[in-house]
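**Q** Chains Y and H supply the protein sequences, listed in that same order. Residue numbering for the first sequence follows my numbering, starting at 1 and increasing by one per position. Residue numbering for the second sequence follows my numbering, starting at 430 and increasing by one per position. Below is the structure I would like to discuss, written out as structure tokens.
2 protein chains.
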Amino acid sequence: MDFQGVKGTRDFYPDVMRVRNYVVDAWRRVSLRNGFEEYDSPIFEYLDLFTIKSGQEIAEQLFHFTDRGGRHLAIRPEITPALARMVNARIGSLPRPIKWFSVPRLCRAEQPQRGRLREFFQWNIDVIGSDSVLADAECIFAAVDFLREVHLTADDVVVRIGSRPLTILALGAAGVPTDRTEAALAVLDKRPKLSDGDFRKFAAENGLTGGQVDFLCRFQDCAEVGEARELLAGQEGVAEQIDSLAELMAALGSLGAAEYCTLDLRIVRGLAYYTGVVYEIFDRGESLRAVAGGGRYDNLLEVLGGPKLGATGFGMGDVVLGILLEEKGKVRPEIQTGSLDYFVIAAEDGTFETVMRLVGQLRQRGWSADFSYGAERSTGKQLKEANRRNARTAVLVRQDGLGVKDLSTGRQEEMTVEEFLRGVKAARD
Amino acid sequence: MDFQGVKGTRDFYPDVMRVRNYVVDAWRRVSLRNGFEEYDSPIFEYLDLFTIKSGQEIAEQLFHFTDRGGRHLAIRPEITPALARMVNARIGSLPRPIKWFSVPRLCRAEQPQRGRLREFFQWNIDVIGSDSVLADAECIFAAVDFLREVHLTADDVVVRIGSRPLTILALGAAGVPTDRTEAALAVLDKRPKLSDGDFRKFAAENGLTGGQVDFLCRFQDCAEVGEARELLAGQEGVAEQIDSLAELMAALGSLGAAEYCTLDLRIVRGLAYYTGVVYEIFDRGESLRAVAGGGRYDNLLEVLGGPKLGATGFGMGDVVLGILLEEKGKVRPEIQTGSLDYFVIAAEDGTFETVMRLVGQLRQRGWSADFSYGAERSTGKQLKEANRRNARTAVLVRQDGLGVKDLSTGRQEEMTVEEFLRGVKAARD
């Protein structure tokens with residue numbers, strides 16, 4: 001028999017696990033310092049919860065099943081529906097704005113390809129209960145704060161910020177009928193992935209005239225808020241949306257994220273449920289899928305049986321991010337390598353009981369410590385194991401005392417067991 | 430529409446999530462300082478992987494499904510089969526002993542009840558590639574090191590240690606035929622859960638004579654290794670098993686875990702795959718299920734297509750542990766409560782841009798900092814929010830400078846923005 005993991009899933013061996021922990025720990029640390037609180041939902045839920053937001057076709061991408069009790073269940077492909085469910089259930093008692101984050105494990109029954117797996121982890125940051133553009137700014141700033149934390153600079157990555165409502169106003173200005181809005185947004189969403197010729201062909205097939213395409217491209221190519229204001233001048237509601245975008249960019253400047261952020265009205269986001277600002281984070285080389293994507297979604301809680309409540313947030317998966325960190329040389333070797341504070345060595349016969357006693361004492365004081373089970377092994381072999389384990393200090397136990405050796409400098413001090421233990425304070429004092 | 434989570438699963442709201450993180454962080458910290466490296470496996474695998482170890486009947490307890498590609502898959506109910514699969518795949522290159530840990534999310538399609546849910550987390554510690562009893566001792570010591578870490582004393586919990594091979598020798602000495610060994614072990618495994626009368630009835634139904642039951646009870650009730658040695662004197666292989674148990678208890682003493690550990694030959698463990706030392710951790714009151722259980726399983730890697738290799742380890746779930754921590758008052762309020770380093774307040778009109786700048790600067794230096802979106806709110810209301818969020822320091826921003834207020838002492842210092850920022854070092858310096 002030959003057992004293997006399922007294609008599109010990953011085995012996290014210790015070296016790979018350390019890189020995952022490096023990323024997840026940074027997500028957590030950055031979230032907490034940005035004032036977000038962690039939550040989590042179950043790995044499986046009723047199937048309905050996931051299909052109601054994004055439609056039955058998402059069931060194609062779900063691992064779903066019927067349990068012995070006849071319940072139709074699915075492994076979560078995203079956490080936002082569960083977030084909305086949880087917030088709705090306590091809507092009366094949660095102080096607002098609700099600033100929550102999570103790092104869910106998610107599964108999608110997709111064909112595995114570069115940057116896309118069947119199982120992955122996704123950082124989710126959301127602010128619920130605020131209509132303020134500051135909530136959007138906080139989410140984007142948290143993303144930038146994380147990018148800086150893992151040493152991705154503004155030369156490596158860019159946050160491209162668009163606006164759903166402004167794009168809808170542009171569609172109106174171009175003369176696209178209201179009942180064609182969703183279809184036209186889906187067309188525009190494809191533009192960054194197509195050549196100009198292919199895009200125009202695709203747009204024509206979907207009922208947009210050449211003049212409409214020209215106008216919409218001019219709108220999408222506005223490099224500054226002011227240009228879009230001029231282009232859409234006279235349309236009702238434009239001033240409000242323009243002011244809101246300008247306020248967002250100013251807030252990002254005040255918080256200190258401006259260098260990473262750029263207005264990009266080509267960003268529309270595929271999912272129908274976005275209602276305001278939308279954004280995606282890309283590598284500057286644009287050789288990869290988006291590293292993250294998000295925006296405002298003010299209707300979702302209502303769709304899931306709750307009140308209409310302002311909500312905004314994003315998701316950042318670990319797969320594309322992992323490729324990017326690797327390509328940019330940001331996964332330093334020491335991230336993948338384990339280490340120990342102490343390796344305790346039986347350097348003479350009859351000292352093994354003391355070795356174990358020292359190891360137990362060190363661990364209980366919070367220091368990582370280990371030893372070799374082969375008590376009869378030579379001191380040299382045990383020292384080799386200490387080095388292989390990246391121990392900082394080797395403690396050589398002899399009948400008459402200890403040699404405490406700093407393995408980076410090679411310096412060794414002699415002392416008694418009691419002197420050594422007196423000198424070892426609790427690790428977190 | 431009314432959406433709910435599935436019965437037997439948990440929604441981790443921030444207060445509950447903090448308790449989960451408190452436990453998981455302690456599991457990780459203790460594992461690392463005991464020299465274990467973290468690994469993880471996918472949440473779903475081929476169904477076969479889980480049924481081959483424990484038989485088809487375990488499929489009853491699995492959430493399993495067939496995906497669009499016709500693959501028979503299951504959500505993992507335990508991680509040990511995946512551990513064996515991963516180790517087997519790299520058996521030639523992994524230095525031994527392999528000391529690995531994991532904190533997998535696991536799912537079982539069981540009826541939810543006290544201490545048992547359909548989704549839970551389980552700390553797994555394993556040593557693979559060593560036949561030494563020191564490997565068993567290390568696992569048990571790590572469990573004890575964790576119990577101490579979360580302030581569960583030897584008065585709260587006990588590690589009960591038994592031996593499969595010694596019990597099998599006792600069955601031989603009692604005259605139980607070899608082909609009845611597994612059945613007789615299953616009978617003995619039930620003893621702690623039954624009254625003496627019920628146990629004798631159950632044993633008789635399963636073919637044990639009254640004399641055999643008397644002998645086996647005498648064996649199981651031995652309080653010390655020496656008693657068992659006398660009782661089984663003359664049986665081949667007894668000396669070896671007794672010496673091994675004695676060595677284990679001595680090693681636990683040297684490491685510093687003796688006060689938590691006791692010999693208890695009633696411990697047999699239900700699963701057929703154990704081959705050596707077995708143990709379970711219980712609350713002293715014995716009102717709960719086992720907090721943890723484990724032992725040596727030297728055949729599993731071979732069953733999964735690998736070599737015969739010594740292996741030992743345990744699992745500790747978060748559900749029974751959580752009840753115990755709660756009952757013993759070990760979940761201190763501060764574990765459930767979030768906090769902030771700084772809350773920055775717009776104390777005068779026209780200061781909001783400075784508020785945002787300070788918040789951004791503090792976060793980028795590693796400090797947790799937040800502010801109120803309602804820039805027009807009164808200073809009093811913003812101070813109230815600072816207190817609700819357990820901020821340590823409030824920074825009141827005025828046109829002419831800052832008031833920096835320690836919220837525990839109430840002391841306030843006046844300074845300029847520049848003075849403040851000069852004084853705020855990076856959080857992890």
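Note that the Cβ used here is the ideal one computed from N, Cα and C, for glycine as well. These numbers were taken from a predicted model, which means no experiment stands behind them.
Among Y:359, Y:419, Y:315, Y:210, which residue has its Cα nearest to the Cα of residue 570 of chain H?
**A** If you number the second sequence from 1, residue 570 of chain H lands on position 141. Minimum Cα distance to residue 570 of chain H is reached at Y:359.
**Q** Just checking: is the beta-carbon of residue 43 of chain Y within a distance shorter than 8 Å of some beta-carbon in chain H?
**A** What you label residue 43 of chain Y is simply residue 43 of the first sequence in a count that begins at 1. It does: the Cβ of residue 43 of chain Y has a partner Cβ on chain H nearer than 8 Å.
**Q** Express the C-alpha separation of residue 769 of chain H and residue 763 of chain H in angstroms, rounding to a whole number.
**A** Taking the first residue of the second sequence as position 1, residue 763 of chain H is located at position 334. Taking the first residue of the second sequence as position 1, residue 769 of chain H is located at position 340. Taking the straight line from one Cα to the other gives about 13 Å.
**Q** Check whether the Cβ atoms of residue 169 of chain Y and residue 268 of chain Y sit closer than 8 Å, and answer yes or no.
**A** As a first step, residue 169 of chain Y is located in the first sequence; it is residue number 169 there, counting from the start. As a first step, residue 268 of chain Y is located in the first sequence; it is residue number 268 there, counting from the start. No, they are not a contact pair.
**Q** Determine the burial state of residue 64 of chain Y: buried for a count of at least 16 other Cβ atoms within 10 Å of its Cβ, exposed for fewer.
**A** If you number the first sequence from 1, residue 64 of chain Y lands on position 64. By the neighbour-count rule (16 or more Cβ atoms within 10 Å), residue 64 of chain Y is buried.
**Q** To the nearest angstrom, how far is the alpha carbon of residue 166 of chain Y from that of residue 856 of chain H?
**A** Position 166 of the first sequence, counted from the start, is the residue given in the question as residue 166 of chain Y. Position 427 of the second sequence, counted from the start, is the residue given in the question as residue 856 of chain H. The straight-line gap from Cα to Cα measures roughly 41 Å.
**Q** Strictly under 8 Å for the Cβ-Cβ distance: is residue 337 of chain Y near chain H by that measure?
**A** Translated into positions along the first sequence, residue 337 of chain Y becomes position 337. It does not: the Cβ of residue 337 of chain Y has no partner Cβ on chain H nearer than 8 Å.
**Q** Can you name the residues of chain H whose CB is closer than 7 Å to the CB of residue 109 of chain Y?
**A** Against the first sequence, residue 109 of chain Y aligns to sequence position 109. Ordered by position in chain H, the residues that pass the 7 Å Cβ test against residue 109 of chain Y are 496, 497.
**Q** Which whole runs of the alpha helix (DSSP H) in the stretch 728-759 of chain H are 4 residues long or more, in chain order?
**A** Counting only runs of 4 or more, we get 729-732, 747-756.
**Q** Could you check what DSSP says for residue 124 of chain Y in three-state terms: helix, strand or coil?
**A** Translated into positions along the first sequence, residue 124 of chain Y becomes position 124. Three-state result, residue 124 of chain Y: strand.
**Q** Under 8 Å, with one C-beta from each stretch per pair, do the stretch 306-326 of chain Y and the stretch 215-229 of chain Y reach the 3-pair mark?
**A** No, the stretch 306-326 of chain Y is not in contact with the stretch 215-229 of chain Y.
**Q** Whether or not the stretch 506-518 of chain H and the stretch 467-484 of chain H are in contact is what I'm after, with contact meaning three or more pairs of Cβ atoms, one per stretch, closer than 8 Å; do they touch?
**A** These segments touch.
**Q** Using the Cβ count rule (16 or more neighbours within 10 Å means buried), how would you classify residue 852 of chain H?
**A** Walking along the second sequence from the start, residue 852 of chain H turns up at place 423. With fewer than 16 other Cβ atoms within 10 Å, it is exposed.
**Q** Using a Cβ-Cβ cut-off of 8 Å, state whether residue 802 of chain H counts as contacting chain Y.
**A** Along the second sequence, one-based indexing puts residue 802 of chain H at 373. By this cut-off, residue 802 of chain H is an interface position.
**Q** Closer than 7 Å, Cβ to Cβ, to anything on chain Y: give me those residues from the stretch 804-816 of chain H, in chain order.
**A** Listed by position along the chain: nothing, the set is empty.
**Q** Identify every run of the alpha helix (DSSP H) within the stretch 524-599 of chain H, keeping only runs that are complete inside it and at least 4 residues long; order them along the chain.
**A** DSSP runs (the alpha helix (DSSP H)) wholly in the stretch 524-599 of chain H: 562-578.
**Q** Taking only three categories from DSSP, how would you classify residue 847 of chain H?
**A** Numbered from its first residue, the second sequence carries residue 847 of chain H at position 418. Residue 847 of chain H falls in the helix class under three-state DSSP.
**Q** So residue 902 of chain H is in the alpha helix (DSSP H); what residue range does that whole segment cover?
**A** Summary: the structure shown does not reach residue 902 of chain H, with chain H confined to residues 430 through 858, and so no result is reported for it.
**Q** The alpha helix (DSSP H) with residue 379 of chain Y in it runs from where to where?
**A** The residue you call residue 379 of chain Y lines up with position 379 of the first sequence. Unbroken alpha helix (DSSP H) run through residue 379 of chain Y: 379-388.
**Q** Taking contact to mean 3 or more Cβ pairs, one atom from each stretch, closer than 8 Å, check whether the stretch 670-682 of chain H and the stretch 560-569 of chain H are in contact.
**A** Verdict: yes, contact present.
**Q** Using a C-beta to C-beta distance shorter than 8 Å, which residues of chain Y count as neighbours of residue 559 of chain H?
**A** In the second sequence, counting from the first residue as 1, residue 559 of chain H sits at position 130. Per Cβ cutoff of 8 Å: 373.
**Q** Nearest chain H C-beta to residue 77 of chain Y closer than 8 Å, yes or no?
**A** Translated into positions along the first sequence, residue 77 of chain Y becomes position 77. Residue 77 of chain Y does not count as touching chain H.
**Q** Chain Y beta carbons: is any one of them nearer than 8 Å to that of residue 796 of chain H?
**A** For the purposes of this step, residue 796 of chain H is taken as the residue at position 367 of the second sequence. Residue 796 of chain H counts as touching chain Y.
**Q** Please state whether DSSP places residue 294 of chain Y in a helix, a strand or coil.
**A** As a first step, residue 294 of chain Y is located in the first sequence; it is residue number 294 there, counting from the start. Reduced to three states, the DSSP call for residue 294 of chain Y is strand.
**Q** Enumerated in chain order, which unbroken segments of the beta strand (DSSP E) with a length of 3 residues or greater are wholly contained in the stretch 456-525 of chain H?
**A** You should have 473-475, 493-495, 501-504.
**Q** I think residue 453 of chain H touches residue 532 of chain H, with their Cβ atoms under 8 Å apart; what is that distance to the nearest whole Å?
**A** Taking the first residue of the second sequence as 1, we reach residue 453 of chain H at position 24. Taking the first residue of the second sequence as 1, we reach residue 532 of chain H at position 103. Yes, residue 453 of chain H and residue 532 of chain H are in contact; Cβ-Cβ is about 6 Å, under 8 Å.
**Q** Given that a residue counts as buried once 16 or more other Cβ atoms are within 10 Å of its Cβ, and exposed if not, what is residue 126 of chain Y?
**A** Within the first sequence, the letter at position 126 stands for residue 126 of chain Y. Label assigned to residue 126 of chain Y: buried.
**Q** What first and last residue would you give for the beta strand (DSSP E) that runs through residue 217 of chain Y?
**A** The residue you call residue 217 of chain Y lines up with position 217 of the first sequence. Unbroken run through residue 217 of chain Y is the alpha helix (DSSP H), 210-220; no beta strand (DSSP E).
**Q** With a threshold of 16 other CB atoms inside 10 Å of the CB of residue 837 of chain H, please say whether the residue is buried or exposed.
**A** Residue mapping note: residue 837 of chain H aligns to position 408 of the second sequence, counting from 1. Exposed, because fewer than 16 other Cβ atoms sit within 10 Å of the Cβ of residue 837 of chain H.
**Q** May I ask which residues mark the beginning and end of the alpha helix (DSSP H) holding residue 675 of chain H?
**A** Here residue 675 of chain H refers to the residue found at position 246 of the second sequence. It spans 667-684 - the alpha helix (DSSP H) in which residue 675 of chain H sits, taken as one unbroken run.
**Q** Please state whether DSSP places residue 610 of chain H in a helix, a strand or coil.
**A** Working through the second sequence from its first residue, we reach residue 610 of chain H at position 181. Three-state result, residue 610 of chain H: helix.
**Q** Please check if any C-beta of chain H sits within less than 8 Å of the C-beta of residue 27 of chain Y.
**A** Taking the first residue of the first sequence as position 1, residue 27 of chain Y is located at position 27. No, no contact with chain H.
**Q** Apart from the five residues on each side of it in sequence, which residues of its chain come closer than 7 Å, Cβ to Cβ, to residue 43 of chain Y?
**A** The count along the first sequence starts at 1 and reaches residue 43 of chain Y at position 43. Taken in chain order, the residues that qualify are 75, 76, 105.
**Q** Please list the terminal residues of the continuous beta strand (DSSP E) segment that includes residue 280 of chain Y.
**A** The count along the first sequence starts at 1 and reaches residue 280 of chain Y at position 280. Where residue 280 of chain Y is concerned, the enclosing beta strand (DSSP E) stretches over 277-283.
**Q** Using DSSP with H/G/I as helix, E/B as strand and the rest coil, what is residue 265 of chain Y?
**A** As a first step, residue 265 of chain Y must be located in the first sequence, where it is residue number 265. Here residue 265 of chain Y sits in coil by DSSP.
**Q** Can you tell me which of H:433, H:437, H:449 puts its alpha carbon nearest to the alpha carbon of residue 761 of chain H?
**A** For this step, residue 761 of chain H is matched to residue 332 along the second sequence. Of the listed residues, the one whose Cα sits closest to residue 761 of chain H is H:449.
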